[in-house]
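Okay, structure first, notes after.
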Amino acid sequence: MTDTTTALESLEPLVARLTETAPGLRMESGPGALGQYAYDASNYRVPPQAVAFPRSADDVVAVLRACKETGVPITARGGGTSMAGNAVGPGVVLDFSRYMNRILDIDPASGTARVEAGVVLDTLQSATALHGLSFGPDPSSHSRCTLGGMIGNDACGNRSVRHGRTSSHIEALEIVTADGVRAVAERTGLHAADPQDAGLVARLEADVRRLIADNLAPIRTELGRIPRQVSGYQLHHLLPEHGFDVARALVGTEGSCAVVTAATVRLVATAQASALLTLGYDDVVDAAEDVPEILRWNPTAVEGMDEAIVATMRARRGPDSVTGLPEGRAWLYVELDGDDEATVNTRAAQLLDVLKAQGRMTGGRVVESAAERRSLWRVREDGAGLAARLVDGGESWPGWEDSAVAPENLAGYLRDFRKLLASHVLTGVMYGHFGAGCVHVRIDFDLATDAGRTAARRFLHEAAALVVAHGGTLSGEHGDGRARGELLEVMYSHRMIRAFTAFKDVFDPEGLLNPGVIVAPAPLDADLALHQIQPLATEFSFPHDEDGFAGGVRRCVGVGRCRSHAGGVMCPSYRATGEETDSTRGRARLLQEMVRGDLVQDGWRSTEVRDALDLCLSCKACSSDCPVGVDIATYKAEFLHQHYKGRIRPRSHYSLGWLPLTSALAGFAARPLNALLRGPVGKLLARLGGVTTKRRIPAFASRRALREVLRGAKTGESARAVLFIDSFTRAFRPEVAGAASRVLADAGIPCKAQDGLCCGLTWVSTGQLSVARRIMARTVAHLDNGDERPIIVAEPSCAAALKRDVPELLGTDAARRVAERVHTFTGALTDLAAPDWTPPEMPADVVLQTHCHEYATFKGSRPTDLLRQLGVVKVDEAEGCCGLAGNFGFEAQHYDTSMAVAGLTLKPRLDGIDQDTPTVVVADGFSCATQIDHLAGDRGIRALHLAELLDPAADQAVQPGEMS
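Per the working numbering: the sequence shown = residues 152 to 1115.
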């Protein structure tokens, strides 16, 4: 009998009970859900028995009562971004983020808001900003962390030197106790939500008051000593002098005493003006030495970061992704605020002068550009992920990622901490909230072997003793969780530990709420996720991952940026569905389970993994937007290849995967074939091929059409580059090839057209990698002929395939040489155009859809930047995936998701076009242009390739309708 079978059988009484008491409750207990929810952003893996998705507090009550009756543990979970193992547990995981994510009220007059536990912080911030208010704490995970999770950890954030911890902003918590009683924890006590439960809640409150009265001395002397003392329970809020503040005492209990369903939070006024200084130093200790002086200037933020994070960001997203930093190997960000910009800037300049006089800085500046400020904050916010997988391929892990001391002790602590690392032959990547004395560090522990785990345990105990010797705390905002619960005895007296235990016993006498955390903690080296694996044989080479495919999927460390609903492109399917299984993280975690072979036991044949990957659009955005460079598109291609090896594939894999070949054949009879496809036969063929009938099949171009447009574009000049005619341009829009040839010649880059080759993209995206390798090998053999001229590709997806897929699938020097020469059309004009090129007059306004593959693969050449350089005043970019994504949106079963993704950013841009005002829409990708044509209907909107917009012979160029 398998562990999964045993778990399902033990769950039957619970499910039966909930069927009676909460008939509408959604619960999942299959290997797919359990594999995804076995992880958070920590080092731990604890598979639950089931995952529940409550829609109301009544659902939560039903689950807790059923769990008490059946003895099943409960773990509450928000965004699942905990780094200490706070959000994983062995029983039922309650995911509040899916449905209990409503803002119930905002009261600008009182400066408060009432929110459900699953509300994402950014959602609250957007709503309160309309009233000039915000929630003070702002963790780096603000785009996906929930208020419930912040309450569980007592989260802080980048501006904690001004706003402190979450506990300082809580007015009331609506909770459910372990026995299913609803209560409200307030600043002065606890009362029942239902009058019938008044007696039970009164007895609970009396027990807590008695506990505090019996432990006044240790509570007063051991708790609340420094601003970031989050470790343990914050019982000092219950002292008489603090008014018996039960609401704030429950903040930071990590769901181990009660389950929070909603909260009333205090808001703060948004600053009218702010300034950001970036300060460079030789190392983080020098940076820390300046913190006490900086704090005298009442900053809103003082954030630290070392050079490894910056180098990784630049390697992953391009050299221009980090600008505005002065010379140095470590940096501080200092933010000042005030009522007007002039005063704030004056203070910033004065502070800079004072720090220069201190003599520690290597450089410093006030960052005036809003774009630079955004890019700099993104580097800091992505610190956890960037530090997890560095540019040199090294891996690092949390576990001691959240210690804190008083800010004035930070430099001494860091100095001794670096000595401790060196004595254990460990390397740590440091960043964090230096102004609050909180240091985040990821360390290159070996957690996969017994010897490495023993060494890590020894280091962690010594690190705990060190931070305590400096008057500090094990945790400054992440909580203790499974990572540091065992170490609380190093920090607190036995009497204090007993008081923590008694406090939990009052609320949760049976120990069902988040067991193994804080009280009766699990050993810090139990349930570690990392394990030794056998490398898998694959088609892709995965050159950047030491353990190949297994090392690639292990990149995901759970930070969850893929669960954000704005910023970047990742992850379009999650943004459309809101389901963990459709996020980059959910898919990567399930692939990790497949490699592990525990919950997912049938390897490449797994239907759970196949289903989780089904809605992946293969947009590749995660390979760029994910801080650790998870590349689900490549993992999906490999999985589909292995999954269907020797088996019948989905029909669309044949009809769309082999499109380069069928479209080439179609060119021999394009006109009659197009006429046939526009009628009933076309719909029949679409159904037979697994293609949706809700889209018009694009018209094929004749073979003659390409010859004619290229003949007309010849200039007679000696070619400086190769214009690669991809399959989509050849088959559906040869006019783009003609326009591209003319524009490039006009820009001083005359080209020789190379037709008859293919990048293999459609076979890659459908997982037919053996065919793709043959196609790619033929293409490389033709292109790697001693010619070192740039290769320019009009279709961004094909350029990306040549740039990345070809070398990673073939793994040859020849493939890498070809990849080095590849440019998109945008990249060619950005990097290769003659300095004296004068483009034609550009429209003032352009709506732009950038192809996801171009966004992900060609980071230094952005179409929006080029358009602005060419004179476009306003570029309204639909930042996100168009939703068609090559074959994805043409597949019948994916049409609805494709349209939902289009509805996120692209459709609103098109709907906002004023029909009476001429508007240019630019989309270089064929799939993007096709989706725009579909969305526009009969509104007369047509997407132009940038080459068509710049074509010096645009008035004489052949139009698409003339090509068949």
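Where is the CB? At the ideal position from N, CA and C, for every residue including glycine.
Please classify residue i: does DSSP put it in a helix, a strand, or coil?
i	result
V704	helix
W988	coil
G1040	helix
L1101	helix
Y582	strand
F204	strand
V214	helix
G431	strand
E546	strand
I799	coil
R361	helix
V332	coil
D256	strand
T474	coil
W755	helix
C713	helix
V944	strand
D846	Sequence inspection shows Arg at residue 846; the Asp mentioned does not correspond to that position. Coil at R846, not helix or strand.
I225	strand
D625	Strictly speaking, residue 625 in this sequence is Leu, with Asp absent from that position. Of the three classes helix, strand and coil, the one that applies to L625 here is coil, per DSSP.
L664	strand
H1004	helix
R829	coil
Looking at residue j and residue i, is the spacing between their C-beta atoms short of 8 Å?
i	j	result
S233	N309	no
A607	L598	yes
I110	G623	As displayed, the chain neither begins before 152 nor continues past 1115, which places residue 110 out of reach and without an answer.
I460	L401	no
A891	A1098	yes
V332	L341	no
L766	G186	no
Buried or exposed: which applies to residue i, given that a residue is buried once 16 or more other Cβ atoms fall within 10 Å of its Cβ?
i	result
Q683	exposed
G889	buried
A1036	buried
N936	exposed
W988	exposed
F1041	buried
P1111	At P1111, the pLDDT of 49 sits below 50, so the modelled position is not reliable; the number obtained from the coordinates is stated separately. By the 10 Å Cβ count, P1111 comes out buried.
S248	buried
F819	exposed
I799	exposed
G1022	exposed
M152	Note that M152 scores 38 on pLDDT, short of 50, meaning its location in the model is unreliable and no value can be drawn from it.
Which residue or residues does DSSP assign as beta-bridge partners of residue i?
i	result
T415	R265 and A323
E1028	L999
K903	V873
D1053	Per the sequence shown, the amino acid found at residue 1053 is Ala instead of Asp. According to DSSP, which records beta bridges pairwise, A1053 is partnered with nothing at all.
V271	T297
R1093	Partner(s): none; R1093 has no beta bridge.
M464	Beta-bridge pairing links M464 to no other residue.
D457	A481
R593	V580
E486	L427 and A452
Y195	L679
If I follow the unbroken alpha helix (DSSP H) through residue i, where does it start and stop?
i	result
W914	L912 to S916
I1186	Outside the displayed range of the chain (152 to 1115) lies residue 1186, so it cannot be described from this structure.
E492	E492 to Q509
Y188	P182 to Y188
R736	T735 to R747
Starting from residue i, follow the beta strand (DSSP E) in both directions and report where the run begins and ends.
i	result
G303	Per DSSP, G303 belongs to no beta strand (DSSP E); it is in the alpha helix (DSSP H), L298 to N304.
R249	Unbroken run through R249: none, as it is neither H nor E.
L341	G340 to A343
M178	R177 to E179
V517	G514 to V518
V1073	V1071 to V1073
At least one CB of chain B closer than 8 Å to the CB of residue i: is that the case?
i	result
A1053	No chain B is part of this structure, which consists of one protein chain only.
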